Each structure stands twice: as structure tokens, then as C-alpha cells.
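Asker: Heads up: the sequence shown begins at 4 in my numbering, then just goes up one per residue. Can you keep this structure in mind? I'll have questions shortly.
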Amino acid sequence: MNDVSTPAPVNSTTDDWRYMALALSLGRRGLGHTWPNPAVGAVIVKDGVILARGWTQDGGRPHAEIEALRRAKKLAQGATMYVTLEPCSHQGKAPPCADAIIRAGIARVVSAMQDPNPEVAGQGHERLRAKGIAVEVGLGEAEARRAHVGHVTRIEQGRPHVLLKLAISADGKAGLPGRKPVSLSGEPARERAFQMRAQHDAILVGIGTVLADNPHLTCRLPGMTERSPVRVVLDSQLRLPLSTSVVATVRETPTWVFTSANPSAIAQEILEQKGCKVFRVGERDGKLDIGDVLQVLAEQGITRLMVEGGPTMAASLVAADLVDEAVLIRADKSIGAGIAALEGMPLEALTAKLTARGSERVGTDTIEVYERG
């Protein structure tokens with residue numbers, strides 16, 4: 004029996020890679036909608052025939068393995084299951100997936116990666132091996148880690164994975180002098196940003212952005228509104244007007260407000276009566292402690308956070324080294340004198356900390372992607 008911490012070698016074939024790629028693609032369907040659980044994909048195959056597919060359902064249950072087994076039924080006997088994350092072995096709100104796999108008579112499990120959750124951490128794989136099931140770990144691990152990066156970050160660091168999105172001019176500015184807003188991104192790039200929102204559990208902005216732009220912070224694409232993330236607003240003095248879109252539409256899309264200990268209980272109660280959730284966190288240097296904010300979000304189950312705040316918020320995240328991934332939507336036009344993308348620091352303070360993953364032309368804009376090495 005293999006040691007819990009050591010993955011079994013993967014004797015992969017072309018078909019194994021193809022089925023795992025399918026499982027990874029299926030799992031990505033759930034990104035942004037399975038929190039606090041990871042978005043897993045599973046495929047059951049026998050004699051070269053795909054018997055069933057499954058992916059984690061909205062809200063995190065049923066798990067991908069259970070969905071695939073439900074579809075395969077008795078045909079799962081003697082089959083191979085490809086799954087993007089180790090099947091769970093602990094009793095949560097549902098029985099362990101490992102036990103369901105054993106009962107179904109699956110003969111072989113190809114798992115992309117071990118689950119970092121200490122309640123699993125190799126025990127799911129070992130439970131399967133103990134029942135005579137062949138288990139191979141590591142096929143597609145790099146792709147799986149990217150897909151499950153929110154889950155991994157929440158488990159290992161106690162916070163969500165943070166993606167910072169910045170719309171900037173060709174010369175790295177975010178606005179006009181006097182903090183006047185300016186439209187920079189073209190429609191194709193804006194649509195891409197909406198798609199990115201749909202793959203995140205929550206989207207974070209500051210009260211300044213809400214007061215200046217009154218944004219909806221939803222996925223404003225046909226048929227995508229219901230895939231909008233939780234909207235998170237940092238508002239240390241609870242100045243959020245009830246007339247803003249994020250409050251007026253709270254029954255359709257949740258809005259969470261983070262504030263300090265200073266505002267009155269009455270101000271909090273008014274927002275809560277409208278349907279918002281209000282959290283109080285500590286302050287650092289006169290601002291809400293962004294580390295505390297991320298910790299509370301993780302405790303609430305958020306694994307993937309997209310930040311669309313202004314230069315001040317962006318700079319605070321960069322200064323605290325809390326940006327895991329950055330997406331720069333760079334327009335063709337320059338502004339000249341104007342507001343820097345990062346308050347008080349050059350754009351290189353962000354990009355130099357991360358590794359360039361690539362860029363592509365979208366309409367009249369260039370989208371650049373950076374991530375931790």
C-alpha cells in the first residue's frame with residue numbers, strides 16, 4: 004500500500020489524458036457556483052465507452068463523483084473513474100464519495116491531485132486502495148491545481164484566491180486628472196470581464212467605486228445574470244446609499260458589506276433589513292484591514308475573489324502581497340496626466356511580483372494575464 008503522502012505513478016495513455024481533459028472541462032462548469040466546495044469534474048469509462056459524466060452542482064452538492072455514479076448506475080461495475088480531485092473520505096453533509104465509489108464497483112480511479120483539505124489529504128485514495136481499487140494520482144495535476152486554486156488557497160492560506168482586474172490606458176493610467184472616470188475598455192473586453200465574474204464566488208469593490216459609478220457588479224450577458232457573484236463592498240463608515248444598485252437588487256444578487264467598529268448599530272440594521280449582510284473587521288492605517296476581510300470571506304466559504312476596485316484598493320492589495328493573479332485590460336489610447344493604476348506606486352510593483360502567463364488581443368484592447376510563479 005502506498006504511503007498517504009506519496010502519489011502512485013501514473014501510467015497514462017492517450018485515452019487517459021483525453022478523459023481527464025474532459026473531466027477538467029466539466030469541472031470548470033461549476034466555477035463560481037460550488038463554494039465552499041471545489042468545482043470538480045468526473046468521467047466514468049469502460050471498454051473505451053464514456054458511460055457517464057458528472058460535475059459538482061451549484062452550492063457544492065451533489066459532488067461530481069456522485070453525479071457521475073448516479074448516471075452510470077450498474078454500468079459502473081468494473082469501470083474507470085477519472086476525477087479532478089481526490090474523492091472525499093470524511094462524513095460531511097453527505098456521505099463520503101470514496102464509499103460510493105467502492106459500493107458502485109469501480110475498478111480503477113485516475114485522480115488528478117490529492118486534496119489539501121486535512122480531513123481528506125490522501126485518505127480518500129487510501130480507502131479506495133484498501134478495497135482493491137487501482138488508484139493513480141497526478142495525471143493532469145498542473146491543470147487541476149489551476150482549476151482548484153481557490154480551494155487550495157482557502158485551505159492552505161485561510162483566504163480566497165485573489166484576482167485583481169485593472170482596466171488601464173496604454174500608458175498605465177486608470178482615470179483622468181481630478182479622479183474623473185474615463186471609459187477605457189471596448190465592448191468585447193467588457194464582455195470578457197463579465198465572463199470572468201461568472202467564474203468567481205465574489206467580486207470586491209470599495210465604497211468609492213460604488214458612489215462614483217453605481218455599478219451593478221453582475222454578469223450582464225444574455226442568460227448569465229443568475230451566474231453573478233456575491234457583491235462585496237468595503238465601507239468603513241457605512242455610507243452605502245440604499246438607492247444604489249447593489250442594495251436595490253440585493254434580493255436577486257447577494258451583497259455583503261464590510262465595515263469597521265465605528266458606524267452605529269442602527270446603520271447596520273437598516274442595511275440588513277434591506278437584505279445585505281454586514282461584517283465588522285479591524286482597521287490598519289485608518290483603512291479596513293484587507294487581511295481580515297479576506298479571512299472572513301474564507302470563513303464564509305468564498306474561495307475565488309475578483310477585485311475590481313480603484314487604484315487605492317489595488318495598491319493596498321499589492322502592498323500586502325495579496326494578489327495571486329492579475330488581469331490587465333490595456334486600451335490602445337494613452338491618457339497622459341492622470342490617475343495611476345496603483346495609488347502611489349508604479350504598475351511594475353504588481354507585474355514584477357507575478358509571472359506573465361500570456362496576452363491576447365480582444366477587440367481594440369489587449370488582455371494581459373499574470374499569476375504567481
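Every residue gets a Cβ at the ideal spot worked out from N, C-alpha and C, and that includes glycine. Fair warning: this is a prediction, and the values are worked out from it, not measured in the lab.
1. Alpha carbon to alpha carbon, how far is residue 100 from residue 229?
2. Pull the bridge partners of residue 373 from the DSSP assignment, please.
3. Taking buried to mean at least 16 other C-beta atoms within 10 Å of its own C-beta, is residue 336 buried or exposed?
4. Using CA coordinates, which residue listed in 251, 282 and 255 is at the minimum distance from residue 262?
5. Given this structure, state the Cα-to-Cα distance separating residue 107 from residue 136, to the nearest angstrom.
6. According to DSSP, simplified to helix, strand and coil, what is residue 273?
7. Taking 9 Å as the threshold (C-beta atoms), are residue 327 and residue 374 in contact?
8. Roughly how many angstroms separate the alpha carbons of residue 6 and residue 241, rounded to a whole number?
9. Specify, as a first and last residue, the run of the beta strand (DSSP E) that residue 81 falls within.
10. My guess is that residue 146 and residue 123 are in contact by the Cβ rule of under 8 Å, so how many angstroms apart are they, rounded?
11. Do residue 220 and residue 200 count as a contact pair if the criterion is CB distance below 9 Å?
12. Would you give the residue range spanned by the alpha helix (DSSP H) that residue 135 belongs to?
13. Between residue 111 and the rest of its own chain, which residues show a CB-CB distance below 7 Å, the 5 nearest in sequence each way excluded?
14. Looking only at its chain, what residues have a beta carbon closer than 8 Å to the beta carbon of residue 265, apart from the 5 residues adjacent to it on each side?
15. Are the region 73 to 87 and the region 25 to 35 touching by the rule of at least three beta carbon pairs closer than 8 Å?
16. Taking the beta strand (DSSP E) that residue 219 falls in, what are its first and last residues?
17. Considering only DSSP beta bridges, list what residue 164 is partnered with.
18. Which residue or residues does DSSP assign as beta-bridge partners of residue 343?
19. So residue 35 packs on residue 232, CB below 8 Å; how close in whole Å?
20. With the cut-off set at 9 Å, would you say residue 161 and residue 298 are in Cβ contact?
21. Tell me the rounded alpha-carbon separation between residue 177 and residue 344.
22. DSSP beta-bridge partners for residue 205?
23. State the Cα-Cα distance for the pair residue 275 and residue 198, rounded to the nearest angstrom.
24. For a test of the three-state rule: what should DSSP assign to residue 114, helix, strand or coil?
Answerer: Put simply:
1. Rounded to the nearest angstrom, the two C-alpha atoms are 28 Å apart.
2. 329 and 359
3. exposed
4. 282
5. 11 Å
6. Here residue 273 sits in helix by DSSP.
7. Against a cut-off of 9 Å, the Cβ pair of residue 327 and residue 374 comes out as a contact.
8. For residue 6, the predicted model reports a pLDDT of 39, less than 50, meaning its position is unreliable; a value from the coordinates is still stated below. Going by the C-alpha atoms only, they are around 52 Å apart.
9. Unbroken run through residue 81: none, as it is neither H nor E.
10. Actually they are not in contact, since the Cβ atoms of residue 146 and residue 123 sit about 20 Å apart, beyond 8 Å.
11. yes
12. Looking at the DSSP string, residue 135 is not in any alpha helix (DSSP H), and its letter there is neither H nor E.
13. 83, 136 and 137
14. Within the same chain, residue 265 has close Cβ partners 239 and 240.
15. yes
16. Segment: none, residue 219 is in no beta strand (DSSP E) and carries neither H nor E.
17. DSSP lists 307 as the bridge partner or partners of residue 164.
18. 176
19. 6 Å
20. yes
21. Near 5 Å, if we compare the C-alpha coordinates of residue 344 and residue 177.
22. 233 and 308
23. Spanning the alpha carbons of residue 275 and residue 198 requires a straight line of approximately 29 Å.
24. strand
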